[in-house]
Amino acid sequence: MKNPTRRDIFRYVAASTVVSAASRSIEAQHGADMAPLRNVPWPQEPNLENTAFDRVTLEMSLKPFRQTDQAYIEAVCQDLFHQWLPLIRRVESVAVLLWSADGSEILDYRGRSTDEFEWAKWIGIGNRPEAAPGDDPDRKGLHSIPHLYIDNPPVMTYGVLGRIVATLKRIGTAVTGKPVTVGATFDPGPEFAKSSFKYKRHPEIANDNTMGHSTFVTCVTHLHADNVAYAAFPNGITEGMSLGTFLGGQAQHFLSDLGFDCLWLSNGFGFSVSPWAVKGPLFDGTKFDVHAAPSLRDAILGFWKDFRKQCPKFPLETRGTNLLLGSDLATNACPLQQIYEGGFNMIAPPNSPWAAIDGDFGLELVGYLSRIAELPPDGRFPFRFYVHDPWWLNSPWFDRYGREPHDIYLPLAVARINGNAGITRPAFFEMLTVDNSYGRMPEQAANEVTPHVLGAVDDFSDAPGLLTWICPFREYHDMVFGKSPNPQLPFFADWYLRGAVNTGLPLNSVVSTTNFLSTLRQNPTFFDETVLLTLVPTAGSPLEEVLLDRVRRGLPVLFYGPVTDASKMMLEYLGLTLSDGIDGELTLQSNLHLDDVQHGVQVMRFQHRSLTNAGNINTVAQPGTKVLATVNANGKERAYAVQHDNSAWIRGTFCSRIPENVSARIPIPDDPATSFPAEALARAALAQLGVSIVVNKTSPETRLPVIFGARCRNGYFFSGYAPSTTSSVRFRLSIGAPLFVGREAWLEDGHAVYTLPRAWHHEARVFVQTQQIGEVSCVEYYAGMTGFRRRTLIKGLKDATVTFLPEDKERVIFQVNDMRLHVEQNSIPVTRSENGRRLTVHGITGSLFISW
11 MKNPTRRDIF RYVAASTVVS AASRSIEAQH GADMAPLRNV PWPQEPNLEN TAFDRVTLEM
71 SLKPFRQTDQ AYIEAVCQDL FHQWLPLIRR VESVAVLLWS ADGSEILDYR GRSTDEFEWA
131 KWIGIGNRPE AAPGDDPDRK GLHSIPHLYI DNPPVMTYGV LGRIVATLKR IGTAVTGKPV
191 TVGATFDPGP EFAKSSFKYK RHPEIANDNT MGHSTFVTCV THLHADNVAY AAFPNGITEG
251 MSLGTFLGGQ AQHFLSDLGF DCLWLSNGFG FSVSPWAVKG PLFDGTKFDV HAAPSLRDAI
311 LGFWKDFRKQ CPKFPLETRG TNLLLGSDLA TNACPLQQIY EGGFNMIAPP NSPWAAIDGD
371 FGLELVGYLS RIAELPPDGR FPFRFYVHDP WWLNSPWFDR YGREPHDIYL PLAVARINGN
431 AGITRPAFFE MLTVDNSYGR MPEQAANEVT PHVLGAVDDF SDAPGLLTWI CPFREYHDMV
491 FGKSPNPQLP FFADWYLRGA VNTGLPLNSV VSTTNFLSTL RQNPTFFDET VLLTLVPTAG
551 SPLEEVLLDR VRRGLPVLFY GPVTDASKMM LEYLGLTLSD GIDGELTLQS NLHLDDVQHG
611 VQVMRFQHRS LTNAGNINTV AQPGTKVLAT VNANGKERAY AVQHDNSAWI RGTFCSRIPE
671 NVSARIPIPD DPATSFPAEA LARAALAQLG VSIVVNKTSP ETRLPVIFGA RCRNGYFFSG
731 YAPSTTSSVR FRLSIGAPLF VGREAWLEDG HAVYTLPRAW HHEARVFVQT QQIGEVSCVE
791 YYAGMTGFRR RTLIKGLKDA TVTFLPEDKE RVIFQVNDMR LHVEQNSIPV TRSENGRRLT
851 VHGITGSLFI SW
């Protein structure tokens with residue numbers, strides 16, 4: 011390092027000689043210290059020294075490398091890895107994903123290290139649109155014109171890029187003591203760097219209109235001939251060469267020559283020809299037409315096959331589309347199952363950035379759940395979090411999230427169930443990006459984000475949550491590519507769940523139909539403590555048989571969607587018959603406990619659009635059926651939700667319109683001031699099955715909270731996002747009202763009522779029933795005595811029945827109105843459930859001190 015300061019020397023010596031060895035010795039020491047506690051057989055106590063992820067990926071642009079001399083490059087690398095050491099300590103390996111440009115540096119690569127390349131040195135749109143946007147005729151905005159991030163940015167050559175890659179690996183390994191890999195990126199759009207290849211020499215490949223006319227490269231395109239001597243094609247491109255062939259050949263040379271270890275396919279590339287939009291080749295907003303689905307599927311798969319012929323071994327990581335599996339299939343013929351099973355050595359996509367963009371957690375999380383319901387053979391999947399955006403002058407952690415961790419705790423509350431009765435957690439944590447639009451790497455971001463990420467992982471699900479979605483992953487593909495296509499159903503099914511999550515449905519767990527049936531064969535009781543959510547199964551399917559057996563045993567299922575293809579047996583069970591259908595504007599009549607509105611009146615009408623809701627509403631309740639809700643139009647009444655024993659069915663309506671404006675990408679929700687959000691009825695119906703969540707909102711327009719209830723170490727961990735902090739939320743489960751550790755609750759009508767902040771994550775092990783109205787608190791208390799690990803103090807109880815969910819099989823001591831720390835006997839009789847996972851005490855007034 012040239013002219014190092016004392017601080018430089020200290021940091022470098024610490025990195026290269028102390029950090030890696032010290033981290034391993036500390037882990038070993040703490041592991042030994044905690045060994046006696048970890049020998050608990052059921053379940054295992056959380057060990058904060060355990061691996062959080064297989065790998066952390068630090069995504070970054072080249073902007074921090076404001077100078078390209080070796081000393082400066084090394085200093086940047088030192089700073090990068092030191093900032094994130096507390097997180098890196100809890101992972102097995104580290105990767106750096108370099109956003110060098112937009113992928114055109116790969117397309118243009120000639121094999122010469124001295125060649126310069128256009129790089130992502132801009133703030134705003136890299137490729138200025140020919141026409142000014144209609145709302146910005148003077149080209150003032152970042153989508154109209156790019157700005158250099160600094161005056162006189164450095165020149166980047168392939169040789170410099172190769173040195174940066176090598177230095178990242180060398181310094182990263184020295185600082186962290188762990189293997190470090192570096193990935194390259196390919197983006198189909200116009201955002202990050204100027205591209206003469208995409209938009210001047212070969213505009214034929216940019217034929218999608220995602221960011222304006224002919225702006226996005228699609229993977230199914232073919233190139234016109236040229237005579238440029240590329241690294242992989244020294245005689246130039248031949249007429250009609252597939253993009254998969256060309257990109258694969260160029261990537262093989264580029265990645266090999268510059269020392270990269272993998273390639274990231276960004277922004278839906280490789281999955282869809284319209285990756286950001288609800289419309290596509292199979293759906294124009296007015297009709298579905300799947301005749302072209304098989305040929306489009308084969309063309310997309312052809313890209314992957316062509317790419318792999320040229321670039322056979324470098325791993326591929328993916329961003330995926332912005333939308334939902336059911337929507338991607340129904341509108342774009344996205345063959346996700348075939349891509350996963352194609353042997354392409356690829357990683358499934360992470361969660362999309364919709365929550366960072368506009369708070370649309372339903373779209374982000376339902377899309378995430380649908381894409382991880384099944385996985386490629388590798389069996390691993392990532393979680394991605396937006397810290398900074400290096401191009402669009404925003405840093406989500408600071409200015410979109412407001413330094414609130416909701417987009418950490420909610421995606422990391424998922425429970426993905428595999429086919430072996432197990433929960434699989436995300437293997438990779440990816441951060442876009444560690445640098446901001448000016449190329450700065452503020453240490454504050456690392457210091458603030460890391461504790462939340464590690465805390466969320468330490469509470470990660472080890473069992474299905476409150477509600478588990480049986481995602482018809484393979485069935486969706488059959489509905490589009492099969493002999494009797496029905497694309498409307500997967501389209502409706504996923505968009506409806508998006509709205510339901512956005513209106514508070516606690517849907518954090520997912521299992522594909524295939525994995526559900528496989529898990530039941532291995533562990534018949536695995537799903538006994540969760541409510542199952544599923545489309546009404548097809549007549550005669552294995553799923554139908556299993557679900558009917560479940561509901562007959564009194565275990566809860568929430569069915570949703572049309573019943574047109576249901577069996578006679580299922581219709582009889584639900585108490586429904588088919589009739590002529592109604593749609594359009596419907597009037598709702600409900601026997602359910604709907605959300606309370608403080609100011610104004612909730613409109614009880616909504617639009618049911620048959621096109622986007624898989625048909626009209628054609629169900630009539632049989633005599634004796636318990637009807638939860640009906641809808642009316644033109645004098646006709648139809649059953650909308652019914653209950654049978656401990657199961658229920660709701661037809662469901664996706665209350666959004668498809669935008670006519672070609673630039674609008676996603677459905678537009680109906681105005682809650684004039685339309686009832688019908689998706690919220692799913693949460694209301696769930697209350698009939700033992701999970702009651704009711705919102706007291708200030709007005710009909712108030713945005714509803716997003717709420718997940720995950721299971722970990724036999725307790726519940728509730729996480730949420732409140733778009734409006736003026737609302738309060740009422741909770742009750744079948745075992746009682748949950749008391750969040752560290753909070754006060756108002757107990758009323760069997761519910762615990764909370765006023766919660768923007769983002770929250772709370773443990774609940776104590777549940778109260780038969781409590782008189784009043785305020786109750788639940789706080790963590792210090793151990794203060796050997797032989798105890800944790801204590802909880804509950805105050806304000808009034809003739810309450812209290813159920814406690816222990817973390818393990820070790821002793822639990824209950825003391826009533828007694829806080830002596832040395833007491834080792836219960837002061838009240840305790841009822842233990844058959845499996846020991848629930849301990850209950852009765853008639854408690856005053857305080858309850860629980861120690862374990």
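Letter by letter, the sequence shown follows residues 11 to 862 in this note's numbering. Ideal placement from N, C-alpha and C gives every residue a C-beta, glycine not left out.
Exposed or buried, Asp218, counting other C-beta atoms within 10 Å across all chains shown (16 or more means buried)?
buried
How many angstroms separate the CA atom of Leu584 from the CA atom of Ile627?
Between Leu584 and Ile627, the alpha-carbon positions lie close to 15 Å from each other.
When DSSP builds the beta bridges, which residues end up paired with Glu440?
Thr67, Arg394
How big is the Cα-Cα spacing for Glu689 and Tyr506?
7 Å
Quick check: what's the CA-CA separation for Leu858 versus Thr513?
35 Å
Do the segment 448-462 and the segment 516-528 meet, that is, are 3 or more Cβ pairs less than 8 Å apart?
no
To test your reading of the DSSP string, which unbroken alpha helix (DSSP H) runs of 4 or more residues are found completely within the segment 322-377?
Annotation note: the segment 322-377 contains the following uninterrupted alpha helix (DSSP H) runs of length 4 or greater, listed N- to C-terminal: 335-342, 346-350, 364-368.
Tell me, which residues are paired with Glu785 by DSSP?
For Glu785, which the question treats as bridged, DSSP gives the partners Trp756.
Taking just the CA atoms, how far does Tyr726 sit from Arg740?
16 Å
Under the DSSP definition of a beta bridge, which residues are partnered with Asp399?
Asn404
Within its chain, find whatever has a CB closer than 6 Å to the CB of Trp871; leave out the 5 residues flanking it on each side and keep chain order.
This structure cannot speak to residue 871, because the chain is shown only from 11 to 862.
I need the DSSP call for Ala503, collapsed to helix, strand or coil.
helix
Can you tell me which of the three DSSP states Trp94 falls into?
Coil, per DSSP.
Can you tell me whether Trp862 is helix, strand or coil according to DSSP?
coil
Looking at Phe439 and Phe91, is the spacing between their C-beta atoms short of 7 Å?
no
Trp862 to Ile745, Cα distance in whole Å?
21 Å
Per DSSP, which one or two residues make a beta bridge with Ala510?
Answer is none; Ala510 lacks a bridge partner.
Considering just the uninterrupted stretch of the beta strand (DSSP E) at Pro687, what are its terminal residues?
Counted as a single uninterrupted DSSP element, the stretch harbouring Pro687 is not any beta strand (DSSP E), since DSSP gives it neither H nor E.
Looking at Gly187: is its Cβ nearer than 7 Å to the Cβ of Val104?
no
Can you tell me whether Lys73 is helix, strand or coil according to DSSP?
coil
Figure out for me which residue from Pro552, Asn525, Ala431, Ala503 has the closest Cα to the Cα of Asn533.
Ala431
Determine the burial state of Thr735: buried for a count of at least 16 other Cβ atoms within 10 Å of its Cβ, exposed for fewer.
Under a 10 Å Cβ-count criterion, Thr735 is classified as exposed, with fewer than 16 other Cβ atoms of the shown protein chains found around its own Cβ.
Spatial neighbours of Pro156 within its chain, please: CB distance less than 6 Å, with the 5 preceding and 5 following residues excluded, ordered by chain position.
Trp132, Gly134, Ile135, Gly136
From Leu638 to Leu420, what distance separates their C-alpha atoms?
Cα to Cα, Leu638 sits roughly 30 Å from Leu420.
Assign Ala793 to one of two classes, buried (16 or more other C-beta atoms within 10 Å of its C-beta) or exposed (fewer than that).
exposed
Within 8 Å, do at least three Cβ pairs link the segment 396-403 to the segment 745-760?
no
Check whether the Cβ atoms of Pro359 and Arg381 sit closer than 7 Å, and answer yes or no.
yes
CB-CB under 7 Å to Ser577, same chain, minus the five flanking residues each way: which ones, in chain order?
By the criterion of a C-beta distance shorter than 7 Å, Ser577 is surrounded in its chain by Ala549, Gly550, Glu554, once the five residues flanking it on both sides are discounted.
Mind listing, in chain order, the continuous beta strand (DSSP E) runs of no fewer than 3 residues lying wholly within the segment 580-665?
586-592, 594-600, 615-618, 627-631, 636-643, 646-654, 657-660
Find out if the Cβ-Cβ distance for the pair Val66, Leu97 is shorter than 7 Å.
Yes. Within cutoff.
Which residues in the same chain have their Cβ closer than 6 Å to the Cβ of Ser528, if we skip the five residues on either side of it in sequence?
Gly429
Following the continuous beta strand (DSSP E) through His771, name the residue where it begins and the one where it ends.
Note, His771: beta strand (DSSP E), 769-779.
Is it buried or exposed for Gly369, if we count other Cβ within 10 angstroms and need 16 for buried?
With 16 or more Cβ atoms within 10 Å of its Cβ, Gly369 is classed as buried.
Are Asp338 and Thr328 touching if we call contact CB-CB under 7 Å?
no
Is Leu543 helix, strand or coil when you go by DSSP?
Here DSSP, grouped into helix, strand and coil, assigns Leu543 to strand.
Cα separation between Cys87 and Arg713?
Roughly 43 Å between the two C-alpha positions.
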